[in-house]
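**Student:**
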Amino acid sequence: MAGQSLIDDYLDRLGARLDGPRGAKADLLAEARNGLEDAASCYRDAGFPDATAQARAVAEFGPLPLIADEYQEELAVAQGARTMRALLAAMLVVHVLFMGRWPTSPSWVPVLATAVNYAWVVVAVLGVLALVGGPRLRRCQRSGRSFGRLAGSFSTGALTACVVLQGTLITATAYFNLGLLLSPAILATLGIGLVVMVRLVGMTRRCFTVSAAA
Amino acid sequence: MKSDALRGHLDALLLATLDGRELHGYAIIEALQLRSGGALDLPTGTVYPALRRLERAGFVRSEWSTVSGRHRRTYKLTSSGERELANQRTAWREFTVAIEGVLGSGPWPAKA
Numbered sequence: 029m030a031g032q033s034l035i036d037d038y039l040d041r042l043g044a045r046l047d048g049p050r051g052a053k054a055d056l057l058a059e060a061r062n063g064l065e066d067a068a069s070c071y072r073d074a075g076f077p078d079a080t081a082q083a084r085a086v087a088e089f090g091p092l093p094l095i096a097d098e099y100q101e102e103l104a105v106a107q108g109a110r111t112m113r114a115l116l117a118a119m120l121v122v123h124v125l126f127m128g129r130w131p132t133s134p135s136w137v138p139v140l141a142t143a144v145n146y147a148w149v150v151v152a153v154l155g156v157l158a159l160v161g162g163p164r165l166r167r168c169q170r171s172g173r174s175f176g177r178l179a180g181s182f183s184t185g186a187l188t189a190c191v192v193l194q195g196t197l198i199t200a201t202a203y204f205n206l207g208l209l210l211s212p213a214i215l216a217t218l219g220i221g222l223v224v225m226v227r228l229v230g231m232t233r234r235c236f237t238v239s240a241a242a
Numbered sequence: 002m003k004s005d006a007l008r009g010h011l012d013a014l015l016l017a018t019l020d021g022r023e024l025h026g027y028a029i030i031e032a033l034q035l036r037s038g039g040a041l042d043l044p045t046g047t048v049y050p051a052l053r054r055l056e057r058a059g060f061v062r063s064e065w066s067t068v069s070g071r072h073r074r075t076y077k078l079t080s081s082g083e084r085e086l087a088n089q090r091t092a093w094r095e096f097t098v099a100i101e102g103v104l105g106s107g108p109w110p111a112k113a
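Top to bottom, those sequences are chains A and B.
Residue numbering for the first sequence is 29 to 242, as defined by the working numbering.
Residue numbering for the second sequence is 2 to 113, as defined by the working numbering.
1. Between LEU43 of chain B and GLU88 of chain A, what straight-line distance do the alpha-carbon atoms span, to the nearest angstrom?
2. Check the C-beta distance from ALA32 of chain B over to LEU86 of chain B and give it rounded, since I have them as a contact under 8 Å.
3. Assuming GLU83 of chain B is part of the beta strand (DSSP E), what are its boundary residues?
4. Let me know if SER80 of chain B comes out buried or exposed under the rule of 16 or more other beta-carbons within 10 Å of its beta-carbon.
5. Measuring only between beta-carbons, confirm whether ARG57 of chain B sits less than 8 Å from chain A.
6. Using a Cβ cut-off of 8 Å, pull out every chain A residue sitting near ARG94 of chain B, in sequence order please.
7. Please confirm if ALA60 of chain A has its CB atom under 8 Å from at least one CB of chain B.
8. If you run the structure through DSSP and keep just helix, strand and coil, what is ARG129 of chain A?
9. Starting from THR67 of chain B, follow the beta strand (DSSP E) in both directions and report where the run begins and ends.
10. Could you round the C-beta distance between SER183 of chain A and THR232 of chain A to whole angstroms and report it? I think they count as a contact, below 8 Å.
11. Closer than 7 Å by C-beta to ALA243 of chain A: which residues in its own chain qualify, once you throw out the five before and the five after it? Chain order, please.
12. Under a Cβ-count criterion, where at least 16 other Cβ atoms within 10 Å of its own Cβ denotes burial, should SER171 of chain A be classed as buried or exposed?
13. Can you say whether TYR99 of chain A is buried or exposed, counting buried as having 16 or more other CB atoms within 10 angstroms of its CB?
14. Assign HIS10 of chain B to one of three DSSP states: helix, strand, or coil.
15. Taking the alpha carbon of PHE204 of chain A as the reference point, which residue from A:SER133, A:MET112, A:VAL124 has its own alpha carbon closest?
16. Where does the unbroken alpha helix (DSSP H) through GLY221 of chain A begin, and where does it stop?
17. ALA68 of chain A touches chain B at which residues, Cβ-Cβ below 8 Å?
18. I'd like the list of long-range same chain contacts for ALA111 of chain B, defined as Cβ closer than 8 Å, with 5 residues on each side in sequence excluded.
19. To the nearest angstrom, how far is the alpha carbon of VAL137 of chain A from that of VAL122 of chain A?
Take a look at the structure:
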């Protein structure tokens, strides 16, 4: 853009290549700006004119494709962690909202509801382990993108299980106690669950796109 | 020294630079260049993601703070990072001794 400094132009082009959560991206770019301005300031102090100082700072910083590739790793981690946190929080809320609302007959419905409860505990434990341990994986050069894809795959599995298990319970309720299903409290709960599900599907899809970007 | 040769050692170099002090990103780059006598030819933009990677691994901790009147992200070693640095230094000494044993000993004696 006309009138922009070389550093501004470089950061704009770097930002345009990056895809990920806004806060994490802004944080990375703010630190990059600090580094570029520090480098340019050193060259100015050494007697170089401003344009030359900025050009040297930008050249030292590295070629855009290489730098964007490395920054994107961090954004993939941020997107993966964000999705995992949202998934765990949403599952807890949906679980509490539906707790004790299912019909008590026929006898397999409470059994299935109990199985769903245990399934959520297993998913929650695995999710917390992945959230805590996943970002620490660092030996693999592509560990950031791997974590992003891992979070996306985990979320896909959890959401699929949610649709199948809760769907079965909802279908059973509709068949054996339609009045219960159509009560305002259950309808409101289903509405909230649907909104949460749509949001989580979008975040899950972002895990894969952010992990593949740049 | 070219960046490809450095990439495998970058994490250890960054940990060593932060040994016993808290620095912001550009100060880390300056310290690396100073200690290497300017021989480390690395795109400086790769240092910042590497520092984030070390933070994810639990080896460094960072925070935004005001340094010399400017808002900067500063980094320091965690206790886990200090242990990792000690391990990396031991591994490096063993590696250099082994390589020196092969490369530094000249031609094999001629067979009698």
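Note that CB positions come from ideal geometry on N, CA and C, so glycine has one too.
**Tutor:** A quick look at the data gives this:
1. By one-based count along the second sequence, residue 43 of chain B stands at place 42. By one-based count along the first sequence, residue 88 of chain A stands at place 60. Between LEU43 of chain B and GLU88 of chain A, the C-alpha separation is close to 8 Å.
2. By one-based count along the second sequence, residue 32 of chain B stands at place 31. By one-based count along the second sequence, residue 86 of chain B stands at place 85. Not really, about 14 Å apart at Cβ, beyond 8 Å.
3. On the second sequence, position 82 is the one that residue 83 of chain B refers to. Unbroken run through GLU83 of chain B is the alpha helix (DSSP H), 80-104; no beta strand (DSSP E).
4. Locating residue 80 of chain B in the second sequence gives position 79, counting from the first residue. With fewer than 16 neighbouring CB atoms inside 10 Å of its own CB, SER80 of chain B falls in the exposed class.
5. As a first step, residue 57 of chain B is located in the second sequence; it is residue number 56 there, counting from the start. Yes, ARG57 of chain B counts as interfacial toward chain A.
6. Residue mapping note: residue 94 of chain B aligns to position 93 of the second sequence, counting from 1. Neighbourhood of ARG94 of chain B in chain A, by CB distance below 8 Å: empty, with the nearest CB roughly 21 Å away.
7. For this step, residue 60 of chain A is matched to residue 32 along the first sequence. Yes, ALA60 of chain A counts as interfacial toward chain B.
8. Residue numbering aside, residue 129 of chain A sits at position 101 when the first sequence is read from its first letter. ARG129 of chain A: coil per DSSP, three-state reduction.
9. One-based indexing of the second sequence puts residue 67 of chain B at position 66. That run of the beta strand (DSSP E) goes 61-68.
10. Sequence index remark: in the first sequence, residue 183 of chain A carries index 155 (1-based). Sequence index remark: in the first sequence, residue 232 of chain A carries index 204 (1-based). In this structure SER183 of chain A touches THR232 of chain A by the C-beta definition: roughly 4 Å separates them, less than 8 Å.
11. Residue 243 of chain A is absent from the structure shown; chain A starts at 29 and stops at 242.
12. Against the first sequence, residue 171 of chain A aligns to sequence position 143. So SER171 of chain A ends up on the buried side.
13. Counted from its first residue, the first sequence places residue 99 of chain A at position 71. With 16 or more Cβ atoms within 10 Å of its Cβ, TYR99 of chain A is classed as buried.
14. Your numbering for residue 10 of chain B matches position 9 in the second sequence. Of the three classes helix, strand and coil, the one that applies to HIS10 of chain B here is coil, per DSSP.
15. Taking the first sequence and counting its residues from 1, the one referred to as residue 204 of chain A is at position 176. Of the candidates A:SER133, A:MET112, A:VAL124, the one whose C-alpha sits nearest the C-alpha of PHE204 of chain A is A:SER133.
16. One-based indexing of the first sequence puts residue 221 of chain A at position 193. Start and end: 212-240.
17. Locating residue 68 of chain A in the first sequence gives position 40, counting from the first residue. Near ALA68 of chain A there are no residues of chain B at all, since even the closest Cβ is about 10 Å away, more than 8 Å.
18. For the purposes of this step, residue 111 of chain B is taken as the residue at position 110 of the second sequence. For ALA111 of chain B, same chain residues with a beta-carbon under 8 Å away, outside a window of 5 residues either side, do not exist.
19. To locate residue 137 of chain A, count along the first sequence from 1; it is residue 109. To locate residue 122 of chain A, count along the first sequence from 1; it is residue 94. Approximately 18 Å between the Cα atoms of the pair.
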